[in-house]
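What follows is a single structure, written as structure tokens, with notes after it.
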Amino acid sequence: MGDAFRSSYFLNRKEEAKAFPEVSAFFKGSDQEVEVYRLFGREAGLTILIFAGIHGDESGGYLAADRYVGPL
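Structural data, given as structure tokens:
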């Protein structure tokens with residue numbers, strides 16, 4: 056993986072890792088309400104951000120999220 060990709064998409068996580076997800080709702084109560092899931096690994100380490108499900112009728116985003124989150 057190139058350094059540009061690593062520095063652009065991964066950040067050091069300095070806080071203690073948690074073994075459970077946090078779920079937040081953005082725009083709660085509106086037609087655009089979105090649930091945001093924060094998943095934490097067993098150990099502190101690198102961070103990745105995955106956007107998925109932006110267009111509900113396109114399965115690619117959901118499948119990509121499942122593929123990357125599964126091994127975590």
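In this note's numbering, the protein residues as written are 56 to 127. We treat Cβ as the ideally placed atom computed from N, Cα and C, and that holds for glycine. Because the structure is a prediction, the values reported are computed rather than measured.
Taken atom to atom, the span from the alpha-carbon of F82 to that of D121 is near 24 Å. At a Cβ-Cβ threshold of 8 Å, Y117 and I103 do not count as neighbours. Beyond the five residues adjoining it in sequence on each side, Y92 comes within less than 7 Å, by CB distance, of P76, V78 in the same chain, given in chain order. Taking the Cα of I105 as reference, the smallest distance to any Cα among E98, L94, A80, A99 is reached at L94.
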